[in-house]
Amino acid sequence: MDILIYTVLTLCALGVLAAVLLYFVARKFKVEEDPRIDEVEKMLPGANCGGCGFAGCRAMAEALVVRDDISELFCPVGGGDTMKSVASYLGKAAPEKEPRVATVRCGGTCEKRPRTNTFDGASSCAVASSLYVGETGCAFGCLGYGDCEAACAFDAIHVNPETGLPEVDADKCTACGACVKACPKNIIELRKKWPKNRAIYVSCVSKDKGAVVMKACKAGCIGCGKCVKVCQFDAITLENNLAFIDSDKCRLCRKCVNECPTGAINIIGLAPLPKEPKPAPAAKLSASETPAAKPSAPEAVAAKPSAETPAKQDNAPQAAPQSVDNKQEQ
Amino acid sequence: MKTFPIGGIHPSDEKKWSKGSAVETMPLPDTVTIPLSQHIGAPAVAKVAKGDKVLTGQLIAEAASFMSANIHSPISGTVKSVDMLPNAQGLRQMMITIVREGDEWVEGIDRSTELVRECDLTPAEIIERIKNAGIVGMGGATFPTHVKLSVPAGKKAECLIINGVECEPYLTSDYRTMLEFGERLVVGTTILKRALGVEKAFIGVENNKPDAVAHLRELVASMGAEGVTVVPLKVRYPQGGEKQLIAAVTGRQVPPPPALPIDVGAVVCNASTTVAVYDAVQKNKPLIERVVTVTGKQVASPKNLLARMGTPISSLVAFAGGLPEGDVKVLNGGPMMGRAMVNPDAPVTKGCSGITVISGAEAHRVKESACIKCAKCVSACPMGLEPYFLSKLSRKKAWDVVEAHNVTDCIECGSCQYTCPAGLPLLDYIRLGKQTVMGIIRARAAKK
Amino acid sequence: MANKFFVSPSPHIHGAQSTQKIMADVIIALLPAFCVSVAVYGWGVLALMAISIASCVLFEYLIQKFFIKGECTVGNLSAVVTGLLLAFNLPLGIKWWIVVIGAFVAIAIAKMTFGGLGKNPFNPALVGRVFLLVAYPAQMTSFPAPTVEGFVDAYSGATPLAAAKAAAKKFAEHASEVADKAADAASGATAATAEAVKDFDYASVDFTGMLTGAMSGSVGEIATLALLLGFVYLLWQKVITWHIPVAVLGTMGVFAFVVALCKGGDASLLWSFPLFHLLAGGAVLGAVYMATDYSTSPMTVRGMVIYGIGIGVITMCIRLWGAYPEGMSFAILIMNSVVPLLNKYVKPKRFGVK
C-alpha cells in the first residue's frame, strides 16, 4: 500500500514540477508578435504557393500587417475578395488587380508539329531544353514533359497526352505564376481573365522567320502582321516575327482571328466572327495558300466533321469547339 | 602506374573498331557551313559578306575579344550566306556558308610535309601565331589555346602536360594523330614548352595504347626533345579530364573553382591541338582541318578521317558506310560526354573529335527504377561529390542546397550515371542543377 | 530514312550493373552457406527457405499491387534476398506460421511502409528476425541437433555464444558470492574461483568446426567459411566494398582482444577469445550480408567505417554485458538508425581540398 501512495505522490510532484518549469520557460521565451498576423494568415488561402512573392502565407501575412502601403501586395489565389477583407480588417486600402489566368501559348500539337526524333533523357522540359531543340523542328514550342504540371500546386494544368500540350483548367488556376516560372521556353503567360473564361491570344511564341516556322509547325505565327493591321485597339504588336496580343488592351472583337493565315490566334469561349463570304467549315484547310481563312461558327464545324475533309485538317476546327464545351461544363 | 586519386570507372574502351584504320583524307566538300561560335567565349565576328570570294586559309571571322578565336575558310569559293542555321542540336546559330570553287590557298602557308624542327620565336610571338591561327582545345572543350598559354601575372607555369589520354570509349582520333603525326606532336610540344617557358613537359597516354607510348618515347629520344617525358597511365575514365590528368601526372590536385590548372603550375594541351600548334607556328597554317573518328559497332567501315572544318557530318558518316538501319543515336564526340545530334547535316567544328553511332538497343537508355542507395555513384565520382544527393535535390529545385554541396565542381563526366544500377538519369539533373546554380552565382556577382 | 533518331543528354552508354543483377549476386553469394546448411541440417532447411522467400515475395507483390498501386517490383529480386536472409537467421524446426509472420513484419512493416526498396531505414530481414526473437523467444532460441547422423557430435542445444554466456554468468555469480564472503575481495575472489567454478574455456573450442558448420545456431550462420567464400564473390563482382565487413569484424576482434587483455588469465585467451567471437553466432553473416544492405548503410567510405565500428562495439557490448547472448542483430539495427546522420555529416573527400 505504501508503495502505491509513494508512487502516486512522486508522480504528482513530478507533474507539478514540470508544469511550473514549463510555465516559466514559456514566459521567459515568449515572442511578442502582432496578433493580427495570425488573423490575417487565417484569412489567406493557406496554399503556401509563393504566388505573392513571399515564402508562404505566413510571410505574406507579416508583410501585410507590417507595411503601411499594401498596394503592391496581392494574393493571386485568394484574389480581390480576400485582399478586400484583409484590407478592411487592417484598415488599409485594398490593392486592386484584375483576375488573371495562365495561358499556354503554343498550338503545336502532335499532329501539327511532326516529331523528328525521340527524347530519351530525364523526363523534364528543363533538361531537354538545355540540351537541344526538342523533339520537333521548333526551337520555341512546348516540349510537353510537364514541368508546368509538376510545378502547379492547384492541379490546374495538365499535359494532354493526345495533343502533347498542357491545358489550363481556368477555374482551378489561381494565376500564382508557378508554371510561368517552371516553363523553360517561356510559353505560359498570365493573361487577363475574362468572364466565362473567354480568351483570344496568339498561340505561338516562335521568333523564327515565317518560312522556318512553317517548316516546323502548321499552327505557328509566321509574323505576317495581318492581325496587327486589323486591330482597332492597338492591342497587337509584332516583334521578331511574332505577333502578341496585349490582354489588357484587347476587347475580344475577334477581327484578328479571321485574319490569321495559320490559325495561330486561339479563340476560346467565343464563336469566331462570321465572315462575309460563304462560310467554309475547314478554316485551315488551305491555310498557307489562302491567307483570309474562312471560319464559321463552331456549331457549323462540329456539324460537318470528317466526312469529306481529311483527318489531318479535321482536327484543327474541332479543337475549338472542344475547348468551348470544356469551359461550359465547369 | 600512375592514375588520378578518387573515383572513376572502367567502361569497355571499344577502340578496336577504328584504331586500325589509318587517317584518310576526306574529299573536299562542295559546301561548308562555318559556325561563328566554335569555341568557349564570345562568338567570332564575320569579316565576309554574301558574294565575297574567299581562299582556303583566309580569315573569315575575327575573334571578338581576348576570350574568342579567329576562324578561317577551310575551302576556297564564294560566300553564299551569313545567316542563322541549325547546328547539330537543331538550335539556330550564326554560320557562314561557302560554296567551293577549287582549292586555292592563301599565300604564305607552307603546305609541304617536310618537318620543320627549329623554332627561334619568342613566347609572345608563338602565342600570337597560335592566336592568329584560331587554335582552340580540340579535345572537345574548345577553350582558346592562346588564352591558356597566356599565364596571368603573379602565376607561374611549371610544367606542360600533353593530353594523349583519349579516355572516351570509341574515339581514336588522338591515338591515330599520335601514331601518324608523332614528329609534329613532339615539335609542337617543344614549341609549347618554349611559349610557356617551362622545363618539363609530359605526354600522358593511357596504357591501352602501348604502341603510341612506345612510338612517342622513341621519337622523343631520337629527336632529342629535352625535358619531354611520355607518361603511361593506368586505364581509367575520366583520366582525360584536365584536373584528373594533372593529378595523375603531377600528383597535384587543382583546388575547387574558381581555381584553374595554372594555380598548381600546370598547363594542359590536347595532343591534336599540339599538332595544330606545330602547323600554325612552323607552317603558318591556320586551324582548318582536323582528324575526326567516325565509329560505332554497326558502322560498316569505321574510319579516322582528316576533314576540313564545315564539312557536313552526314558526308563523313556516309564515307564510313552510312548509318545502320533502325534506332540510332548519333553523337558528336564519344559516348560518355558527346552530345547527341538531331541534325546530321551540321558541320564538323574545331571541337569535333569523333562521330559515334550508337545503334540498336544501345541507342535507348536503360529503364529507370528506384534508387537503392548503393553508393556506387559516390565512389565513382572523380570529384568527390554525392551524385545521388545532388540529382535528387536538383530534381526538387533546392538550388541553395545543391550549391552548398559543390555542384559546380561537377565535370559532367557521367561516371555516376554509367555506374547507377537503378538506371537513374543522375547527370541529367545534376547538369541542370549546375547550370542553374552557375546562373544564380553569375546573377549574384552582377548584383555586387 | 529508315532511321529513328534518339536523343538524350550524355552519358550514352551504361554499365552492366542493375538492381536485379546485384540481388542475384547476393543470392549466388549465399549459396555455399545454404549448401552447408542443407548438408548439416537436411532438407528441412530448404522448406524453411521456401516458406520464407515465398511469403516475402507474396507480401511484396500484394502490397505493391493493392496499396502502393505501383509497378510490380518483385522482379528486382530484393524480396527474395530478404526472404533468404530472414530464413538464414531462423533456427531449423521453427513453426511455419512464425516464419510467415516474420516475413510479414520484414516486408510489410519494415520495407513497404517506407515506400519499398531503397527507402527503408532498417534492414527488413533483421527487423523480422528481431520481432520474432522478442515475440517468440522460446521458439527462436531452441536449436535442434542436426539430422545428419554422425556428421559432428559437437552439437548441443545451445549455441556457442549461449554456452559461453551461461558459463560466464555462473562464473560471475560464483565470484560475487565468494567476494561477499571474503574480506579481501580481489585476492579472495581470484583464488576461490580458480578452484571452484571454471569460466568458459575458449582455447578448447572446436574452431575448425565453427568454420565448417559444426556449431549450433540459425541455419545460415553456422558455416563461416562458406559465408566468407560468398564475401569474396561479392567483392569480386563489386557488389559491396570491403569497408563495412572489415570494420565490423576488425572492431569485434580488437574489442575482444582488449577485453581478454584486461581479464588477465593465460596467454591462450588472447587469441582464442577474439577468434571465438569472430566465428561464433552471426558475426560473419551479419557483417558481410546484413550490415552491408545498401539502403540501410552509409553512402561514403568514411561513413561506412564509422558505421562498422559502431556495429562491432555494440555487438560486443551486448554479447559480453547484455541480456542476450548474441547482439549482432540489435547492433545493426541501432546503427541503421544512425545512418541518416552519418550521410548528413560524413561527406566524401572533395577533389582538390586537403
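If you read the protein sequences in the order shown, they are chains W, X and B. For the first sequence, the working numbering assigns the number 1 to the initial residue and increments by one for each residue that follows. For the second sequence, the working numbering assigns the number 331 to the initial residue and increments by one for each residue that follows. For the third sequence, the working numbering assigns the number 779 to the initial residue and increments by one for each residue that follows. Glycine included, each C-beta is placed from N, C-alpha and C at the ideal position.
According to DSSP, is B/A1038 helix, strand or coil?
helix
Per-residue contacts from X/R447 into chain W (C-beta, under 9 angstroms):
The premise fails here: X/R447 is roughly 45 angstroms from chain W at the closest Cβ pair, so nothing lies under 9 angstroms.
Using DSSP's beta-bridge definition, name the partner residues of X/I370.
Paired residues: none, contrary to the question.
Where W/P281 and W/G269 are concerned, what is the direct C-alpha to C-alpha distance, given to the nearest angstrom?
With a pLDDT of only 48 at W/P281, under 50, the local geometry of the prediction cannot be trusted, and no value is derived from it.
Assuming W/A156 and W/Y145 form a contact by the criterion Cβ under 8 angstroms, report the distance between their Cβ atoms to the nearest whole angstrom.
In fact, because the Cβ distance is near 18 angstroms, the residues do not count as touching under 8 angstroms.
Whether or not the segment 858-870 of chain B and the segment 704-711 of chain X are in contact is what I'm after, with contact meaning three or more pairs of Cβ atoms, one per stretch, closer than 8 angstroms; do they touch?
no
Would you kindly work out how many angstroms separate the C-alpha atoms of X/E434 and W/V230, rounded to a whole number?
55 angstroms
Please report how far the alpha carbon of W/V77 lies from the alpha carbon of B/A886, in whole angstroms.
40 angstroms
When you check each C-beta in the segment 405-435 of chain X against every C-beta of chain W, which residues fall closer than 8 angstroms?
P416, Q419, G420, L421 and R422
Would you say B/S833 and B/G998 are within 8 angstroms of each other, going by their C-beta atoms?
no
What residue from W/I3, W/K30, W/C253 and W/C142 has the CA that sits closest to W/A182's CA?
W/C142
What residues are listed by DSSP as bridge partners for X/Q423?
X/L415
If you measure between the beta carbons of X/I643 and B/L895, is that distance less than 8 angstroms?
no
By the three-class DSSP mapping on this structure, what secondary structure does W/I268 have?
strand
Near-chain X residues of the segment 784-796 of chain B (beta-carbon distance less than 8 angstroms), N- to C-terminal order
F784, V785, S786, P787, S788, P789, H790, I791, H792, G793, Q795 and S796
When DSSP labels each residue in this structure, what does W/A199 get in the three-state scheme?
strand
Measure the CB-CB distance between W/A264 and W/A219 and report whether it falls below 8 angstroms.
yes
Whose CA, out of X/P616, X/I592, X/Q574 and X/G656, lies closest to the CA of X/C740?
X/Q574
Is there a C-beta anywhere in chain W that falls below 8 angstroms from the one on X/Y759?
yes
Since I believe X/V597 is in contact with X/S683 (beta carbons under 8 angstroms), could you give me their beta-carbon distance rounded to a whole number of angstroms?
The Cβ separation is near 20 angstroms, so there is no contact.
Suppose the cutoff is 7 angstroms on Cβ atoms and the five residues either side in sequence are ignored; what does the same chain contact list for X/M468 look like?
N600, S602, T603, A606, R620, K680, G681 and S683
What residues in the segment 689-700 of chain X bring their beta carbon closer than 9 angstroms to a beta carbon of chain W?
A693, H694, R695 and E698
Contacts that W/L131 makes with chain C (C-beta to C-beta distance below 8 angstroms):
Of the chains in the structure shown, none is chain C; the protein chains are W, X and B.
Every unbroken alpha helix (DSSP H) within the segment 474-523 of chain X, with a cutoff of 4 residues, ordered by chain:
475-479 and 503-510
Could you pull the start and end residues of the alpha helix (DSSP H) that B/R1080 belongs to?
V1079 to W1099
Can a CB atom of chain B be found closer than 8 angstroms to the CB of W/F140?
no
Where B/V753 and B/F978 are concerned, what is the direct C-alpha to C-alpha distance, given to the nearest angstrom?
Limits of chain B in this structure are 779 at one end and 1132 at the other, which puts residue 753 of chain B out of reach.
Would a C-beta distance cut-off of 8 angstroms place X/E698 and X/P755 closer than the cut-off?
yes
At least one CB of chain X closer than 8 angstroms to the CB of W/V180: is that the case?
no
Determine, using beta-carbon pairs with one atom in the segment 450-462 of chain X and one in the segment 423-433 of chain X, whether at least three such pairs fall under 8 angstroms.
no
Going by CA-CA distance only, name the one from B/A828, B/L1111 and B/I1089 that's closest to B/V1032.
B/I1089
Mind checking W/L11: buried by the 16 CB within 10 Å criterion, or exposed?
exposed
CB contact flag (X/A542, X/L509, <8 angstroms):
yes
Beta-carbon proximity list for W/C221, same chain, < 6 angstroms, skipping 5 on both sides
V202, C204, L242, A243 and A264
To the nearest angstrom, report how far apart X/C792 and X/K485 are at their CA atoms.
Because chain X in this structure spans residues 331 to 778, residue 792 of chain X falls outside the shown range and cannot be described.
Using the DSSP secondary-structure output, state which residues sit across from X/D657 in a beta bridge.
B/K782
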